[in-house]
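All residue numbers for the sequence shown refer to my numbering, where the first residue is 476 and numbers rise by one. Glycine included, every Cβ here is placed at the ideal spot set by N, Cα and C.
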Amino acid sequence: MKKSFCQAKKKAALNRAELLLVGALSGLTASRISFPLEVARKRLMSAHCKVSAHPTRRGVEGSLQG
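Below is the structure:
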């Protein structure tokens, strides 16, 4: 993205404000692409976990006993 921005502006390097803008746009793009994949991954992981609705043992002792 940085390279294409430099080519569009016909510059050899970017100043700080332009670097900030390019970095923010890159981060936004990466977040928008990866967020739906993270949601799907977490849903697939949680679908395999079975959690009892009514636990019989409570507290630390119950979790350590199994």
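What is the DSSP secondary structure of Cys481, reduced to helix, strand or coil?
helix
Do you know offhand how far Leu500's Cα is from Phe510's?
15 Å
If you draw a straight line from the alpha carbon of Arg491 to that of Arg516, how long is it in whole angstroms?
Going from the Cα of Arg491 to the Cα of Arg516 covers about 36 Å.
Roughly how many angstroms separate the alpha carbons of Met520 and Lys485, rounded to a whole number?
47 Å
Within its chain, find whatever has a CB closer than 8 Å to the CB of Phe480; leave out the 5 residues flanking it on each side and keep chain order.
Leu489, Glu493 and Val497
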